[in-house]
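What follows is a set of notes on a single structure, which appears directly below.
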Amino acid sequence: GGGVELVSDGVITTCTHLPYEPFQFQEGDEVVGFDVDVVDEIASDLGVEQEIVNIPFETIQSGEALNAGQCDVAAAGMTITDVREENMDFSTPYFDATQALLVPADSGISSAEDLDGLQLAVQSGTTGADYAAENIPGAELVTYEDLGLLLTAVQTGQVDAGINDNGVLLDFVADNPELAVTTEFDTGEQYGIGVRTGNTALLDQVDTTLERIREDGTYDEIYTEWFGS
Ligand code: ARG
Numbered sequence: 062g063g064g065v066e067l068v069s070d071g072v073i074t075t076c077t078h079l080p081y082e083p084f085q086f087q088e089g090d091e092v093v094g095f096d097v098d099v100v101d102e103i104a105s106d107l108g109v110e111q112e113i114v115n116i117p118f119e120t121i122q123s124g125e126a127l128n129a130g131q132c133d134v135a136a137a138g139m140t141i142t143d144v145r146e147e148n149m150d151f152s153t154p155y156f157d158a159t160q161a162l163l164v165p166a167d168s169g170i171s172s173a174e175d176l177d178g179l180q181l182a183v184q185s186g187t188t189g190a191d192y193a194a195e196n197i198p199g200a201e202l203v204t205y206e207d208l209g210l211l212l213t214a215v216q217t218g219q220v221d222a223g224i225n226d227n228g229v230l231l232d233f234v235a236d237n238p239e240l241a242v243t244t245e246f247d248t249g250e251q252y253g254i255g256v257r258t259g260n261t262a263l264l265d266q267v268d269t270t271l272e273r274i275r276e277d278g279t280y281d282e283i284y285t286e287w288f289g290s
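This is how it looks when you write it as structure tokens:
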């Protein structure tokens, strides 16, 4: 006892948006994944349990969900950006990412130029959607609410290609060889865990846990579990 109470009722609530395999996705009755394991470490250091709140990514990345008190932290494979920094505070980076292009393996599409006049699926509110709007002007962008819908759209030929983070797309093509990741756009993104602006007590705990798991090997174990060696 005696410590500052960082979260209430023995629970740390996590805003996230499913599905985003392997970072957060449903497996049977449970939500599992890389981010879930990382926040479980934060929860364990706080002596509480993690509870997942599944909401639209748009309301997570805008800071709206955190500011409305819907959750204590946001962990959603979410890239740290300058705009988002204005609406929440971010932990130290915990994962590196780039944007990647998902296409049918036999499509011959392998660059932004190849997408001229074609339909490109983007996920609502994401850095991939922003990247495509700014850098792939020749494509017609088609917006999907979540990653699952985007993947299905590419798989069923509703669209010609899709853009999203490399981690999720590479994971998907490993099980779906009829699709391929033919290009990565080196955006140099880094994922962070968000807290309400000014909640430095919780942010310090998040950063302390991230540092601990990097040092004691837990981060590597979690990485290997979800991405292989
Ligand atoms: N990293 C990208 C971004 O921050 C995509 C994240 C999408 N995450 C999710 N759980 N749906 O915009």
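Here our numbering is used: the first residue of the sequence shown is 62, the next is one more, and so on. Glycine is no exception: its CB is placed at the ideal position from the N, C-alpha and C atoms.
If you draw a straight line from the alpha carbon of Asn-148 to that of Thr-120, how long is it in whole angstroms?
11 Å
What residues are listed by DSSP as bridge partners for Pro-165?
Residue pairing by DSSP places Pro-165 opposite Leu-240 in a beta bridge.
How many Å lie between Thr-258 and Asn-128 at the Cα?
8 Å
Report the CB separation of Val-203 from Gln-180 in whole angstroms; it is logged as a contact under 8 Å.
Correct: roughly 5 Å between the Cβ atoms.
In chain order, what residues of the same chain have a beta carbon less than 8 Å from the beta carbon of Ile-170, not counting five sequence neighbours either side?
Leu-162, Val-164, Leu-176, Leu-179, Asp-221, Ala-222, Thr-243
Can you tell me whether Leu-181 sits near the ligand ARG, meaning its C-beta is under 7 Å from at least one heavy atom of the ligand?
no
Measure the Cβ-Cβ separation of Ala-136 and Thr-187 and say whether it is below 8 Å.
no
Can you determine whether any heavy atom of the ligand ARG sits closer than 7 Å to the C-beta of Tyr-192, and answer yes or no?
Because no heavy atom of the ligand ARG lies under 7 Å away, the Cβ of Tyr-192 does not count as near it: no.
Keeping to the same chain, check which residues put their C-beta closer than 7 Å to that of Asp-70; ignore five residues upstream and five downstream.
Around Asp-70: no qualifying Cβ.
Check for me: the alpha helix (DSSP H) holding Asp-268 runs from which residue to which?
261-277
Please classify Thr-269 as buried or exposed, where buried requires at least 16 neighbouring CB atoms within 10 angstroms.
exposed
May I ask whether a heavy atom of the ligand ARG can be found less than 7 Å away from the beta carbon of Thr-77?
Yes, since a heavy atom of the ligand ARG falls inside the 7 Å radius drawn around the Cβ of Thr-77.
What do you reckon, is the C-beta of Asp-247 under 7 Å from a heavy atom of the ligand ARG?
False, no ligand heavy atom lies under 7 Å from that Cβ.
What I want to know is whether the C-beta of Met-149 ends up closer than 7 Å to one or more non-hydrogen atoms of the ligand ARG.
no
Identify every residue that forms a DSSP beta bridge with Asp-226.
Gln-160
From what residue to what residue does the alpha helix (DSSP H) around Glu-119 run?
Element bounds for Glu-119: 118-122.
Gln-216 in three-state terms, based on DSSP
helix
Kindly say whether Tyr-252, judged by its beta-carbon, lies nearer than 8 Å to any beta-carbon of chain C.
This model lacks chain C altogether; it includes just one protein chain.
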